[in-house]
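This report concerns only the one structure given below.
Number of protein chains: 4
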Amino acid sequence: MTRPQRRVGAENSATRTLILKTTEELILEQGYGALSTRRVAARAGLKPSLVHYYFPTTDDLLLEVSRRGAEDSDRMIEEALESDDPLGALWELLIDTSRTAMALEFMAMANRRDALREHMAEHCRQMRERQVEIFRTLIGDRLEGPDGLPPEALSVVLAGIGRAIIMEENLGVDCGHEAAKAYVEQWLQKLAPDQSKVKNAEA
Amino acid sequence: MTRPQRRVGAENSATRTLILKTTEELILEQGYGALSTRRVAARAGLKPSLVHYYFPTTDDLLLEVSRRGAEDSDRMIEEALESDDPLGALWELLIDTSRTAMALEFMAMANRRDALREHMAEHCRQMRERQVEIFRTLIGDRLEGPDGLPPEALSVVLAGIGRAIIMEENLGVDCGHEAAKAYVEQWLQKLAPDQSKVKNAEA
Amino acid sequence: MTRPQRRVGAENSATRTLILKTTEELILEQGYGALSTRRVAARAGLKPSLVHYYFPTTDDLLLEVSRRGAEDSDRMIEEALESDDPLGALWELLIDTSRTAMALEFMAMANRRDALREHMAEHCRQMRERQVEIFRTLIGDRLEGPDGLPPEALSVVLAGIGRAIIMEENLGVDCGHEAAKAYVEQWLQKLAPDQSKVKNAEA
Amino acid sequence: MTRPQRRVGAENSATRTLILKTTEELILEQGYGALSTRRVAARAGLKPSLVHYYFPTTDDLLLEVSRRGAEDSDRMIEEALESDDPLGALWELLIDTSRTAMALEFMAMANRRDALREHMAEHCRQMRERQVEIFRTLIGDRLEGPDGLPPEALSVVLAGIGRAIIMEENLGVDCGHEAAKAYVEQWLQKLAPDQSKVKNAEA
DNA sequence: AATGAATGAGATTTCATTCAT
DNA sequence: CATGAATGAAATCTCATTCAT
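Residue numbers (numbering that gives the first Met the number 0), protein chains in the order written: chain A, 0 to 202; chain B, 0 to 202; chain C, 0 to 202; chain D, 0 to 202.
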């Protein structure tokens, strides 16, 4: 909930928003290795100094992009819960190309950027907790049992499969992806049969 | 199988090997964002020009590191097959911290480096094919069936879970990891009961 | 006596005074190389533009700090004359760490700032003149003679010794400082025996 | 005695020497505030990157200039001892405009540069020690006594007066300088009458 | 009286790469 | 084999200053 202290410029400044948007695009299209304040400026049609006016350091910029991404992510999860097929909607989020690709880039960046790593770790923990709650509610005790998959492990498994697919897509590899997705989807339906029946009935 | 055309210096030169080793260390310890030929040189106690003598461009260097990594990986997979518990040994490879972390760094690099991406994609496809063979041999038709997990999907799933765990470890997050690992291991034992019985008998 | 033409803002504005005080602190603590209007603003908790509102250019700011320092210095000299031991009190001023350190920083700055140099030179000359008057009054003809030290030379000598001690203190060197101070003090007492007797009698 | 570890380029490279010489000139002519690697390059007719090739950081450059200055200074002191009037020759060194001005600039720089400060402090201490030896030899016990000026204090006093004169010259002030110099010179002759007689006889 | 926005200049440093020896 | 020299490009960041409000 803490707002960035080093923020310069109004929260809603068009320029500020443009810089954040451009940064996201650049990272998504060319990878984080292509990111530089100069390039952000060039692409946004701004002077490099203006980028530094709004975000004194590159860390400030990335942290803010990360924060916004985290907020978006949180919001989308809650929206998914409103749908007829919450589990399916959550899974959709996990294999959403652009968002997951962005998350992967940030993982790589976190290696060298302490502030970023800390923020991402914190958000990762919060998200896992929230997902555990969600899985408990939606799936209940069907997960538990001697051979069961505890909800936090389910969260790890789904995130992992989603990310693998996105990463390999980036490479241009797709072998096994459709089959893996199909398996997961079928599995999720078995885990929460009631909701899926509702959805099917409507369709 | 194509050998690098631009390679200079004897294949087995100690200096050449030192450069490759140092590059790996640097990437592993500080992430690919910290990689530069200058830093490699400094860390190895060499002059920057010498690095370029062996590897004219950074791409040449990275490609060679990637090649060696791929060869190591292939070899380790074949070694795993020799063990009492091939499936378990394969899984161990997939959650081996340093190797998987390295693979993730290379995934990020591949974004901007065409030659690297091509090589990695090719190796990724080959590895999947080989794993499919392996799974067919070890698990056979227990995977197939109406709700079954085809071997190429199993490959995707296992790789994904392994990578997710390593990535989160990098962030300092470990919630759900043990449970996910335990689940996978138990699952693998169920898929290939015979080999695991052999192993259990020995233990 | 000339007032600054470019001054903006009320002479006694609290903000204005804060800026001047902060500038002094910054120079004293970190040396003039660390001075910038941005840093002054940051340290004072003000916006950079506000500093420029009061002092359009950095020269304006420094000139005003210099002026105030000169006024302080003049006042302190006159106060010293009121004491029982005027010569001793003057000497105390010359080895006062913070004031002399500041003067040294301004000497360095004057190199590149014409307006500042002119102001400092003028004040330096005035101060010398005043000290000559003072020494004539306090010491009289005891200074003159074939081997004598004319009062303007005494002023140079005392200032020099004081500054040397302060400069070396800044470096962390103190060898010879106490002995030099002791010698000067003893010397001053010999030059003006009457006033020192008065002081001793009181003690 | 320790040689710089980070030195790049041959000790006697013409380019290296040119950079050092240009740096000295720039500092002397415009003060340390005017120093930047860019400006050094421009004035020397070199590309900025070449300056950084020889001196990776500005600190490296300044440290080397400081080291050379210290060596020069040491050498000149020993040369002064060879003259007919060693004390006079030492005093000449202390009021040598360009060398003392440079020393003053470095004092100001030392404020913000730890490595530089440490080096200068060390050299300052060594120089004081050496001067103490010299004064003991040349002046002997004429300095001691109840009201005496110990040799280390003499060193402080002479250095201080010399510096004050140089600093004020920089400002364009000269009042009292000739008188102060004359007084010091006369005083030194009294302290070491024998050597000065020799000199006078020769003249 | 104060401030947000903007900018051009410049500083320091890093980098991959080339080339002559 | 190896290296010293050199370079152009880029990155990050700081700065003083201006201007409109």
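Just so it is clear, CB atoms sit at the ideal spot from N, CA and C, and this is done for glycine as well.
- prompt: Comparing the C-beta of residue 166 of chain B with each C-beta of chain A, is any distance below 8 Å?
  reply: yes
task: Can you tell me which of D:82, D:157, D:55 and D:32 puts its alpha carbon nearest to the alpha carbon of residue 93 of chain D?
output: D:157
query: Excluding five sequence neighbours on each side, which residues of the same chain lie with their C-beta closer than 8 Å to the C-beta of residue 184 of chain C?
result: 87 and 90
- request: Could you name the residues of the same chain whose beta carbon sits closer than 8 Å to that of residue 101 of chain A, not counting the 5 residues immediately before and after it, in chain order?
  value: 23, 26, 27 and 68
Residue-chain proximity (residue 29 of chain A, chain B), Cβ-Cβ < 8 Å: At least one chain B Cβ lies under 8 Å of residue 29 of chain A.
Contact set between residue 154 of chain D and chain C, taken where Cβ atoms lie within less than 8 Å: 175
field: Contact list for residue 68 of chain C against chain D, beta-carbon separation under 7 Å
entry: Contact annotation for residue 68 of chain C against chain D: no contact, minimum CB-CB distance about 15 Å [criterion: below 7 Å].
- prompt: If you draw a straight line from the C-alpha of residue 109 of chain B to the C-alpha of residue 109 of chain C, how long is it?
  reply: 55 Å
field: Unbroken alpha helix (DSSP H) run spanning residue 59 of chain A, endpoints
entry: 57-81
query: residue 107 of chain A: which of A:74, A:61 and A:131 sits nearest, CA to CA?
result: Minimum Cα distance to residue 107 of chain A is reached at A:61.
message: Just to confirm, is the Cβ distance from residue 36 of chain A to residue 47 of chain A under 8 Å?
response: Contact flag set, yes.
task: Find the residues of chain B that neighbour residue 119 of chain A, judging by a C-beta separation of less than 8 Å, and give them in chain order.
output: 170
- prompt: Is the CB of residue 101 of chain D under 8 Å away from at least one CB in chain C?
  reply: no
field: Neighbourhood of residue 171 of chain A by C-beta, 7 Å cutoff - its chain only, sequence neighbours within 5 removed
entry: none
message: Is there a C-beta anywhere in chain C that falls below 8 Å from the one on residue 52 of chain D?
response: No, no contact with chain C.
Listed by chain order, chain B residues near residue 23 of chain A by CB distance under 9 Å: Under the 9 Å cutoff, chain B gives no residues; its nearest Cβ is about 15 Å from residue 23 of chain A.
field: Among B:168, B:174 and B:163, the one whose alpha carbon lies nearest that of residue 116 of chain A
entry: B:168
field: Exposed unless 16 or more other CB atoms sit within 10 angstroms - verdict on residue 13 of chain C
entry: exposed
Residue environment, residue 84 of chain D, which counts as buried when at least 16 other CB atoms sit within 10 Å: Answer is buried; the Cβ neighbour count reaches 16.
query: Does the distance from the CB of residue 103 of chain D to the CB of residue 165 of chain D come in under 8 Å?
result: yes
field: C-alpha distance - residue 49 of chain D paired with residue 18 of chain D, whole-angstrom precision
entry: 9 Å
message: What does the Cβ neighbour count give for residue 97 of chain B, buried or exposed, with the cut at 16 atoms within 10 Å?
response: exposed
message: Please report whether the beta-carbon of residue 151 of chain C lies at a distance below 8 Å from any beta-carbon of chain D.
response: yes
- request: Counting only the same chain and skipping the five closest in sequence on each side, list residues whose C-beta sits under 7 Å from that of residue 217 of chain C.
  value: Absent from the model: residue 217 of chain C. The displayed extent of chain C is 0 to 202, so no value can be given.
- request: Work out the CA separation of residue 33 of chain C and residue 33 of chain D for me, nearest whole Å.
  value: Within the model, the alpha-carbon separation for residue 33 of chain D versus residue 33 of chain C is close to 14 Å.
- prompt: Which term fits residue 191 of chain A, buried or exposed, when burial requires 16 or more other beta carbons within 10 angstroms of its beta carbon?
  reply: Around the Cβ of residue 191 of chain A, a 10 Å sphere holds 16 or more other Cβ atoms; the residue is buried.
message: Would residue 149 of chain A and residue 178 of chain B qualify as a contact pair, given that the criterion is a beta-carbon distance under 8 Å?
response: Yes. Within cutoff.
- prompt: Just curious, the alpha helix (DSSP H) that residue 113 of chain A is in, first and last residue?
  reply: Its alpha helix (DSSP H) spans residues 113-138.
- prompt: Of all the options C:58, C:15 and C:70, which has the alpha carbon lying nearest to the alpha carbon of residue 122 of chain C?
  reply: C:70
task: Could you tell me whether the Cβ atoms of residue 182 of chain C and residue 152 of chain D are closer together than 8 Å?
output: yes
message: Comparing C-alpha positions only, which one of B:111, B:155 and B:64 sits nearest to residue 16 of chain B?
response: B:64
field: Whole-angstrom C-beta distance between residue 111 of chain C and residue 58 of chain C, which should lie under 8 Å
entry: Rounded, the Cβ-Cβ distance is 10 Å, inconsistent with contact.
message: With a threshold of 7 Å on Cβ separation, who are the neighbours of residue 39 of chain B within its own chain once the five nearest residues in sequence on each side are excluded?
response: 18, 21, 22, 25 and 50
task: Answer with yes or no whether the minimum CB distance from residue 62 of chain C to chain D is below 8 Å.
output: It does not; no Cβ of chain D falls within 8 Å.
field: Interface partners of residue 139 of chain C on chain D, CB under 9 Å
entry: Think of a sphere of 9 Å around the beta carbon of residue 139 of chain C: no beta carbon from chain D falls inside it, the nearest being about 17 Å out.
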